[in-house]
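Line by line, the protein sequences are chains A and B.
Going by the numbering used here, the first sequence opens with residue 336, and the numbers climb by one from there.
Going by the numbering used here, the second sequence opens with residue 208, and the numbers climb by one from there.
Ideal placement from N, C-alpha and C gives every residue a C-beta, glycine not left out.
Worksheet: the structure to be examined is printed underneath.
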Amino acid sequence: MALTLDDVRRVAHLARIEISDDGAVSILRDLTNIFELIERMQAVDVNGIEPMSHAQDLALRLRDDVVTEHDQHALFQSVAPQVEAGLYLVPKVIE
Amino acid sequence: MHHATVKSLSADLASKRLSSVEATRHFLRRIKALDSQYRSFITLDEERSLAQARAADARRAAGGAGPLTGVPVAQKDIFCAKGWLTTCGSRMLANFVSPYDAHVVEKLNAAGAVNIGKTNMDEFAMGSSNETSYFGPVRNPWDKSTVPGGSSGGSAVAVAARFAPAAIGTDTGGSIRQPAAMTGICGLKPTYGVVSRYGMVAFASSLDQGGPLAQTAEDMALLLNVMAGFDARDSTSLERAPEDYTRELARPLSGLRIGLPREYFAAGLAPDVDRAVGEAVAELKRLGGEAVEVNLPNMELAVPVYYVLAPAEASSNLARFDGVRYGFRAPEYSDLLDMYKKTRAQGFGAEVKRRILIGTYVLSHGYYDAYYIRAQRLRRLIAQDFAAAFEKCDVIMGPTSPTTAFKLGAKAGDPVQMYLSDIYTIAVNLAGLPGMSIPCGFDAAGLPIGLQIIGNYFAEAKMLNVAHQYQLATDWHARVPPGIE
């Protein structure tokens with residue numbers, strides 16, 4: 336598999352990271368080297384091996400349906416870039 | 208006073224030979240006078256630290272103290288601490304004053320420990336040299352032209368330079384053990400799930416684990432006693448009965464089976480590191496241990512597997528940094544999409560962006576099975592290798608890092624070389640096992656070498672026992688960097 340500049344631009348768009356044309360070239364070089372390392376995985380037969388997502392085989396816990404959080408929106412919004420009337424402000428998305 | 212261990216400082220506080228306010232002032236004075244040459248701290252807040260010290264002294268006087276009451280502890284800047292700037296080494300969070308405490312911070316506060324300051328780190332814990340920090344690199348006190356390791360480099364240097372008797376860090380692929388090895392101190396990554404991840408800024412959630420850094424194994428046991436414990440707010444926190452991690456420290460090592468994986472002593476290992484680790488094993492044999500050869504045949508896959516899984520989890524975790532709810536927002540943008548893209552382009556550094564892009568790619572349509580699922584299957588093989596090895600031994604030993612501290616800039620331009628410096632630590636995170644590094648000697652240039660001790664799940668007390676007995680018989684852990692008086 337060979338990564339291309341188009342791959343880099345597509346992935347950067349998916350990740351919502353702006354990259355310049357020069358930046359894309361150097362990122363392509365780095366990612367190509369890193370994927371050479373990653374490709375070593377392809378040498379091993381993994382048929383029949385169950386994927387391991389997690390170190391401990393845990394079931395998600397259930398808890399009683401009771402209120403555990405109290406309203407702290409003013410505190411949490413105090414660190415937001417732009418807030419008005421309890422709302423987070425972002426550029427207009429609907430005309 | 209600043210050479211004191213947690214244990215001896217705690218004894219001095221208990222006997223009233225020293226107050227926490229005096230100790231806290233002393234360490235703060237040292238940091239302000241000397242840290243400009245290392246940059247191990249990002250934030251100090253004298254008033255908050257001293258308020259905690261005064262409260263600890265009052266608690267000592269009232270008779271409600273524990274071992275950590277009044278003891279200064281440095282905190283990696285990945286732990287949210289209420290009212291403290293919590294930057295995670297990133298421009299993205301350079302203005303983020305945490306509105307809440309991490310579980311570990313709550314536990315340290317409840318124990319009466321004093322937060323002496325927030326330590327420098329690789330940005331979002333992504334790095335092995337502390338060079339990716341937005342706040343500049345940390346320098347190694349053993350040789351200021353070398354790196355201290357990473358990502359918990361600031362925490363490691365804070366202990367090595369005697370700015371605090373202990374520190375807390377996090378370890379996703381070696382970020383506690385590797386800097387501990389490179390700065391001549393001790394570091395422990397517990398079994399995954401023992402320490403709550405709540406309030407630790409997330410990097411790779413199935414691998415991240417908090418742990419202590421200190422001068423001695425005994426001190427790490429005292430810290431882990433406070434840090435460990437169930438927390439319902441972390442869905443992977445384990446519900447287990449509390450343990451006293453000091454309980455086995457005094458046990459003799461007779462009959463200890465030390466597993467030596469052939470793969471840990473292969474090509475790429477620096478001769479001085481090989482020699483020092485061999486001498487440490489010989490010392491442990493004199494103390495009653497016996498060496499057993501074990502195999503970890505899939506070890507060489509650990510780095511490739513990690514660089515699929517960790518970036519995949521990181522790309523998902525770091526999606527939250529969008530310039531809307533907290534942290535950095537780009538000053539200029541045209542619309543919402545442009546705001547996201549510019550905020551993330553300007554707020555993240557090069558290594559963080561690189562890993563987000565790797566992660567986004569391996570999770571994207573058409574590549575998910577070939578990379579992400581395959582890596583998860585290999586992860587199981589790696590865990591199974593350790594399980595087979597632990598049928599033949601009680602602990603596994605090897606080097607923490609293939610080399611001692613390298614020069615600043617030596618690997619900064621070559622991500623693959625940087626990634627390979629964690630070759631001996633990464634597999635432990637993939638398996639979810641506990642791992643530790645303790646000092647075991649020096650190379651020809653006088654740089655410290657770390658011995659890695661890997662235990663089976665929940666074997667922290669056994670590993671601390673082995674390390675403590677080794678430290679009773681040797682003095683590598685008591686060596687101090689040149690110029691630290």
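Within the 8 angstroms Cβ cut-off, does residue i reach chain B?
| i | result |
| --- | --- |
| L340 (chain A) | no |
| D365 (chain A) | yes |
| H405 (chain A) | no |
| I429 (chain A) | no |
| L349 (chain A) | yes |
| L372 (chain A) | yes |
| L344 (chain A) | Residue 344 (chain A) is actually Arg in this sequence, not Leu. Not one chain B Cβ lies under 8 angstroms of R344 (chain A). |
| H389 (chain A) | yes |
| V360 (chain A) | no |
| L393 (chain A) | yes |
| E419 (chain A) | no |
| V402 (chain A) | no |
Beta-carbon of residue i versus every beta-carbon of chain A: anything under 8 angstroms?
| i | result |
| --- | --- |
| G417 (chain B) | no |
| L431 (chain B) | no |
| D629 (chain B) | no |
| F303 (chain B) | yes |
| S522 (chain B) | yes |
| A552 (chain B) | yes |
| Y341 (chain B) | no |
| S571 (chain B) | yes |
| T567 (chain B) | yes |
| T443 (chain B) | yes |
| P306 (chain B) | yes |
| M546 (chain B) | yes |
| S227 (chain B) | no |
| I563 (chain B) | yes |
Between the C-alpha atoms of residue i and residue j, what's the straight-line distance to the nearest angstrom?
| i | j | result |
| --- | --- | --- |
| A411 (chain B) | Y514 (chain B) | 11 angstroms |
| P426 (chain A) | R527 (chain B) | 17 angstroms |
| L654 (chain B) | A577 (chain B) | 41 angstroms |
| S388 (chain A) | Q583 (chain B) | 6 angstroms |
| E507 (chain B) | I630 (chain B) | 8 angstroms |
| I352 (chain A) | T550 (chain B) | 8 angstroms |
| I465 (chain B) | S305 (chain B) | 44 angstroms |
| H210 (chain B) | L235 (chain B) | 14 angstroms |
| M546 (chain B) | L424 (chain A) | 12 angstroms |
| Y575 (chain B) | A590 (chain B) | 21 angstroms |
| P459 (chain B) | Q676 (chain B) | 7 angstroms |
| L467 (chain B) | E500 (chain B) | 5 angstroms |
| A265 (chain B) | S215 (chain B) | 20 angstroms |
| S243 (chain B) | C600 (chain B) | 45 angstroms |
| I691 (chain B) | D350 (chain B) | 12 angstroms |
For residue i, report the span of its beta strand (DSSP E) as first-last.
| i | result |
| --- | --- |
| N322 (chain B) | 321 to 326 |
| T250 (chain B) | 248 to 250 |
| A359 (chain A) | Looking at the DSSP string, A359 (chain A) is not in any beta strand (DSSP E); the run it does join, the alpha helix (DSSP H), is 356 to 373. |
| R464 (chain B) | 464 to 468 |
| S644 (chain B) | 642 to 649 |
Between the options, which lies nearest to residue i when the distance is taken from Cα to Cα?
| i | options | result |
| --- | --- | --- |
| I362 (chain A) | A:E374, A:L340, A:V379, A:L372 | A:L340 |
| L338 (chain A) | A:V379, A:A420, A:F370 | A:F370 |
| M643 (chain B) | B:G657, B:A301, B:T326 | B:G657 |
| V364 (chain B) | B:S226, B:M328, B:K599, B:Y626 | B:M328 |
| V635 (chain B) | B:N316, B:S362, B:L414 | B:L414 |
| A218 (chain B) | B:K239, B:A680, B:P274 | B:P274 |
| M333 (chain B) | B:V311, B:F342, B:S359 | B:S359 |
| T212 (chain B) | B:Y547, B:L516, B:A685, B:G690 | B:A685 |
| Y336 (chain B) | B:K239, B:A387, B:G534, B:F303 | The amino acid occupying residue 336 (chain B) in the given sequence is Ser; Tyr does not appear at that position. If we check each option's Cα against that of S336 (chain B), B:A387 comes out closest. |
| A394 (chain A) | B:L467, B:E446, B:Q678 | B:E446 |
| P646 (chain B) | B:M670, B:T632, B:A674, B:A638 | B:A674 |
| R396 (chain A) | B:C287, B:L585, B:Q244, B:S444 | B:S444 |
| G418 (chain B) | B:L679, B:E490, B:E598, B:E667 | B:E667 |
| S355 (chain A) | A:E430, A:T367, A:R344 | A:R344 |
| G324 (chain B) | B:S628, B:K283, B:L543, B:W349 | B:K283 |
| E486 (chain B) | B:A595, B:V512, B:T326, B:A680 | B:A680 |
If you follow the alpha helix (DSSP H) that residue i is in, where does it begin and where does it stop?
| i | result |
| --- | --- |
| E425 (chain B) | 424 to 434 |
| T390 (chain B) | 384 to 390 |
Residues from the stretch 580 to 599 of chain B in contact with chain E, defined by Cβ distance under 7 angstroms: Structure shown: chain E not included; protein chains present are A and B.
The stretch 489 to 499 of chain B in contact with the stretch 617 to 632 of chain B per 3-pair CB rule at 8 angstroms: Taking a contact to require three or more Cβ pairs closer than 8 angstroms, the stretch 489 to 499 of chain B and the stretch 617 to 632 of chain B do not qualify as touching.
The stretch 269 to 282 of chain B in contact with the stretch 310 to 330 of chain B per 3-pair CB rule at 8 angstroms: yes
At least three beta-carbon pairs within less than 8 angstroms, the stretch 527 to 539 of chain B to the stretch 259 to 276 of chain B: no
Touching by the beta-carbon criterion (3+ pairs, under 8 angstroms), the stretch 592 to 605 of chain B and the stretch 550 to 565 of chain B: Touching, no.
Touch test, the stretch 368 to 384 of chain B against the stretch 393 to 401 of chain B, Cβ-Cβ under 8 angstroms, three pairs minimum: yes
The stretch 420 to 434 of chain B contacting the stretch 473 to 487 of chain B, beta-carbon criterion three pairs below 8 angstroms: no
Cβ pair count under 8 angstroms reaching 3, the stretch 439 to 455 of chain B against the stretch 399 to 411 of chain B: Verdict: yes, contact present.
The stretch 248 to 259 of chain B contacting the stretch 288 to 307 of chain B, beta-carbon criterion three pairs below 8 angstroms: yes
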